[in-house]
DNA sequence: TATGAATGAGCATTCATTCAT
DNA sequence: GATGAATGAATGCTCATTCAT
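Residue numbers (UniProt numbering), protein chains in the order written: chain L, 1 to 189; chain U, 1 to 189; chain G, 1 to 189; chain Y, 1 to 189.
What follows is the structure, given as structure tokens:
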């Protein structure tokens with residue numbers, strides 16, 4: 001039971017293994033242990049499961065970040081932790097996210113993308129606001145807006161690394177440091 | 001004649017109108033004014049035209065930027081112009097680019113993505129290097145690497161705006177200013 | 001309640017609107033205000049409702065005729081009234097009848113068709129017999145058998161008119177007169 | 001080659017064997033010896049072949065009649081021959097015709113039905129006109145219009161017989177005679 | 001009786017690709 | 001190089017029917 005969850009989980013699994021195009025509904029339902037028709041009781045089309053998957057992935061991202069940021073540490077360290085977390089999520093899920101993003105971009109679901117990312121933006125916004133209150137971030141920074149820039153920056157930086165798998169290990173650390181430095185200058189006093 | 005070009009142009013046109021999934025080879029060749037079989041003399045599969053399209057789009061982007069940046073102006077102004085240019089390109093082509101990106105991500109062509117973007121990165125890298133030589137950008141900035149961060153940042157900022165078409169006009173300008181300020185602090189002396 | 005009736009009425013409604021093929025059981029039960037499973041308590045399959053519908057339609061036909069034939073008038077006038085009535089029924093229900101006929105022809109229910117028409121044939125047979133007793137119809141006419149010919153003739157004449165909606169108004173009257181004259185000669189003294 | 005013909009013939013064959021509903025396109029193309037996709041080069045849907053089949057059947061009917069009517073004989077005999085021919089066609093094809101009629105009624109092709117029957121009506125019309133010229137048929141008869149009544153009458157008479165397979169042999173002959181007598185009275189001097 | 005969630009067999013249709021000309 | 005008729009594999013989706021409650 002809770003068939004909806006089972007479908008989403010199965011879809012994540014199968015999409016990861018075979019890619020979206022080559023995944024058949026029959027693959028998903030087989031793994032979910034339900035009948036083919038049952039899928040359509042929960043999602044009206046193959047692609048309609050995408051936003052639900054995206055939601056799950058974003059949830060995982062936020063959880064990962066929350067788990068790794070030490071809210072007692074100073075801002076620079078916290079920022080390092082945030083970068084680490086986002087890079088870590090990217091390493092594990094960027095392929096899946098790209099897949100889902102592509103799937104949503106291809107169909108009519110693109111408009112749901114913002115809603116899906118909203119919780120992530122809010123977390124970052126709160127995070128920055130706290131630092132601003134503490135006097136670490138310049139008063140002139142619009143935390144609401146910059147939160148999106150920060151997420152966009154870190155994610156695109158991570159993607160640039162993990163998209164092309166060249167001498168990773170080192171690359172990753174250098175990139176992280178560059179982003180860290182870039183951000184500190186960009187927003188701090 | 002120059003059938004290859006005609007195919008690419010037709011593909012851009014049709015993809016834009018109907019989306020990648022719903023575009024049939026027959027649509028492309030009809031618009032290109034060639035026979036169905038001829039397509040396969042130039043591209044081995046439906047998706048194989050994607051990198052060629054991406055190349056064209058990136059070329060357009062660079063041309064747009066080159067045309068709008070006044071190399072005599074001071075860095076801050078130039079940066080404004082760069083942001084304007086990238087936002088402008090995003091406004092016109094982000095949908096197409098997302099589509100092409102999705103198309104390449106879906107198939108085996110993702111590895112070509114970096115090569116396609118390379119000229120763009122190089123231009124930005126040179127642009128920053130000049131400013132660094134002029135003493136405007138901090139010595140500690142790795143222009144090579146930061147060029148990618150900058151492009152990633154501006155593009156994601158633009159995408160956040162154009163993806164969801166809310167009260168654009170104002171939004172766009174505010175977002176541009178925020179990015180400009182963000183960047184100046186991030187990299188300048 | 002009286003769910004059986006409700007199902008039949010709903011089926012008539014929906015079949016008329018969407019055609020048999022495109023009508024789903026779910027459409028019928030929705031309109032009937034009952035659950036999907038309930039349908040199968042009254043009819044063993046989708047098509048099994050067809051004979052019931054046919055019965056209803058034939059009942060309506062007979063009622064229409066009875067209501068319009070003045071049994072005091074002379075035979076020629078009565079015949080005109082019969083023709084009018086059958087044409088009127090055809091105008092309103094021929095589409096539905098064709099649909100039901102098609103539905104029954106498509107499945108195993110065709111054999112029930114005669115039983116459904118039987119009351120109609122009997123009415124006509126009695127009608128002719130009376131006229132024969134009165135000396136209006138030739139003695140040599142086998143009323144039993146000719147009743148079917150007469151119904152077949154009038155119905156096919158009506159169908160030829162209403163199937164193709166060309167300049168109706170006039171057409172209808174001419175056709176009716178032709179049928180009337182045809183019949184009078186065919187069977188009267 | 002002449003794939004269109006091959007498709008029509010195969011469709012007639014398979015529809016007759018399995019009925020329209022249970023016939024798959026794959027059955028038709030298999031018998032026609034062509035690829036599945038090729039079917040759709042000639043007919044846009046499964047049902048779209050119906051009018052083409054109807055045409056073939058009507059052609060056969062006309063051929064049958066022409067072959068059996070002795071244009072040297074007197075009208076009464078000729079009429080007997082016409083009735084024989086139409087009954088014979090009905091015996092062989094009424095099931096198929098009902099099927100096709102149902103198929104066309106079910107879909108959007110019903111409007112083509114008249115065009116398909118037109119040649120049949122014309123033949124009958126000419127036939128009656130000749131008899132009228134020869135003084136056998138009353139001057140007051142509108143041959144054009146009555147031709148359709150006559151065809152409708154004979155066909156419905158035949159259908160009534162062959163639809164319900166009761167003690168045929170005798171039935172058929174009685175019915176034929178009744179129709180013959182009915183018609184002679186209806187239209188002759 | 002009544003329900004309606006669940007089933008899963010079933011197939012028309014599409015369209016990228018091929019190849020004889 | 002160019003053509004475009006022919007191919008046929010491939011699958012998302014539907015919906016009549018069932019059955020546990």
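In this text, a Cβ means the ideal position worked out from N, Cα and C, and glycines have one as well. From a predicted model like this one, the values you see are computed outputs, not experimental measurements.
Rounded separation between residue i and residue j - CA only
i                      : j                      : result
residue 12 of chain G  : residue 43 of chain G  : 15 Å
residue 147 of chain Y : residue 82 of chain G  : 22 Å
residue 169 of chain L : residue 91 of chain L  : 12 Å
residue 177 of chain G : residue 67 of chain Y  : 34 Å
residue 94 of chain Y  : residue 102 of chain G : 13 Å
residue 59 of chain U  : residue 65 of chain U  : 10 Å
residue 161 of chain U : residue 54 of chain U  : 22 Å
residue 159 of chain U : residue 106 of chain L : 16 Å
residue 181 of chain Y : residue 52 of chain Y  : 35 Å
residue 172 of chain U : residue 36 of chain Y  : 53 Å
residue 17 of chain U  : residue 26 of chain U  : 14 Å
residue 88 of chain Y  : residue 164 of chain Y : 16 Å
residue 50 of chain L  : residue 56 of chain L  : 10 Å
residue 4 of chain U   : residue 38 of chain U  : 10 Å
residue 73 of chain Y  : residue 23 of chain G  : 53 Å
residue 145 of chain U : residue 153 of chain L : 13 Å
residue 127 of chain U : residue 137 of chain U : 11 Å
Residue environment, residue i, which counts as buried when at least 16 other CB atoms sit within 10 Å
i                      : result
residue 33 of chain L  : exposed
residue 156 of chain Y : buried
residue 28 of chain G  : buried
residue 7 of chain L   : buried
residue 140 of chain L : exposed
residue 41 of chain Y  : exposed
residue 71 of chain G  : exposed
residue 143 of chain G : buried
Where the alpha helix (DSSP H) through residue i begins and ends
i                      : result
residue 119 of chain Y : 113 to 133
residue 86 of chain L  : 75 to 106
residue 190 of chain U : A question about residue 190 of chain U goes unanswered here, because the residues of chain U that appear run from 1 up to 189.
residue 38 of chain U  : 36 to 42
residue 178 of chain U : 168 to 187
residue 61 of chain Y  : 50 to 68
residue 8 of chain U   : 3 to 18
residue 24 of chain L  : Careful: residue 24 of chain L lies outside any alpha helix (DSSP H) and carries neither H nor E.
Contact list for residue i against chain L, beta-carbon separation under 7 Å
i                      : result
residue 160 of chain U : 148, 152
residue 98 of chain U  : 105
Interface residues of chain L facing residue i [CB-CB closer than 9 Å]
i                      : result
residue 195 of chain U : Here chain U covers residues 1 to 189 and nothing more, so residue 195 of chain U does not appear.
residue 156 of chain U : 148, 149, 151, 152, 153, 155, 156
Chain-ordered neighbours of residue i on chain U, where CB pairs are closer than 9 Å
i                      : result
residue 139 of chain L : By Cβ distance, chain U contributes nothing, its closest Cβ being about 13 Å from residue 139 of chain L, past 9 Å.
residue 12 of chain L  : Going along chain U, no residue has its Cβ under 9 Å from residue 12 of chain L, so there is no contact; the nearest lies around 17 Å.
residue 43 of chain L  : The premise fails here: residue 43 of chain L is roughly 17 Å from chain U at the closest Cβ pair, so nothing lies under 9 Å.
Contact set between residue i and chain Y, taken where Cβ atoms lie within less than 7 Å
i                      : result
residue 59 of chain G  : Chain Y residues near residue 59 of chain G: none, gap ~20 Å exceeds 7 Å.
residue 142 of chain G : 178
Residue i: contacting residues in chain Y (beta-carbon distance under 9 Å)
i                      : result
residue 28 of chain G  : Residues of chain Y passing the Cβ test: none, with the nearest at roughly 17 Å.
residue 179 of chain G : 149
residue 187 of chain G : 182, 185, 186
Amino acids of chain Y, ordered along the chain, whose beta-carbon sits closer than 8 Å to that of residue i
i                      : result
residue 20 of chain G  : 106
residue 131 of chain G : Within 8 Å Cβ-Cβ: nothing; residue 131 of chain G doesn't reach chain Y, min ~15 Å.
Contact set between residue i and chain G, taken where Cβ atoms lie within less than 8 Å
i                      : result
residue 145 of chain Y : 174, 175, 178
Interface partners of residue i on chain U, CB under 7 Å
i                      : result
residue 48 of chain L  : Those do not exist, as residue 48 of chain L stays about 14 Å from chain U at its closest Cβ, beyond 7 Å.
residue 134 of chain L : Going along chain U, no residue has its Cβ under 7 Å from residue 134 of chain L, so there is no contact; the nearest lies around 18 Å.
Closer than 7 Å: residue i CB and nearest the ligand GDP heavy atom
i                      : result
residue 171 of chain U : With respect to small molecules bound, the structure shown includes none, and the ligand GDP cannot be examined in it.
Contacts of residue i in chain L (Cβ-Cβ under 8 Å)
i                     : result
residue 54 of chain U : Within 8 Å Cβ-Cβ: nothing; residue 54 of chain U doesn't reach chain L, min ~14 Å.
The stretch 114 to 125 of chain U in contact with the stretch 123 to 132 of chain L per 3-pair CB rule at 8 Å: At 8 Å Cβ cutoff, the stretches do not touch.
Spell out a yes or no on whether the stretch 72 to 82 of chain U and the stretch 181 to 189 of chain U are touching, meaning 3 or more CB-CB pairs, one atom from each, closer than 8 Å. Contact annotation: the stretch 72 to 82 of chain U touches the stretch 181 to 189 of chain U, with at least three C-beta pairs closer than 8 Å.
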